[in-house]
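Be aware that the sequence shown starts at 1, since it is given in UniProt numbering, and climbs by one per residue.
Heads up, the thing below is written out as structure tokens.
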Amino acid sequence: MTDKRNGKGEDKNPTLDNDDDLDALFTVEEAAKLLRMGKTTLNHYRCEGRGPIYRKHGSRVFYTKRSLIRWSRRDRFKSTSQRAGPDK
1 MTDKRNGKGE DKNPTLDNDD DLDALFTVEE AAKLLRMGKT TLNHYRCEGR GPIYRKHGSR
61 VFYTKRSLIR WSRRDRFKST SQRAGPDK
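Okay, structure coming up:
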């Protein structure tokens, strides 16, 4: 997401921690930055069906913050041999 309020188009540097507008749309680049992974990795996960739920508007791909949070929380581990349970 880009902050246009200051007229400079500077990145707001979003995080998954706040609950600001969970239905806001993020581009692949913005979603990858939010998840702290490469754009190519996120594209690869999408093609394999392993990534977050996405939307397409024409040929453009978008993610909602809600889908990024759900996907990120789903892939949690306590150790290399055991998945973590839900947040309490």
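Idealized CB from N, CA, C, for every residue including glycine.
All values derive from a computational prediction rather than experimental measurement.
Along the UniProt domain "Helix-turn-helix" (25-72), the alpha helix (DSSP H) occurs as fully enclosed runs of 4 or more residues at 28-35, 39-48, listed in sequence order.
Boundaries of the beta strand (DSSP E) harbouring S79: 77-79, taken from the DSSP string. Note on G51: 16 or more other CB atoms within 10 angstroms of its CB, so buried under the neighbour-count rule. When the Cα atoms are used, Y54 and K65 turn out to be separated by approximately 10 Å.
Around the C-beta of F26, 16 or more other C-beta atoms lie within 10 Å, and the residue is accordingly described as buried.
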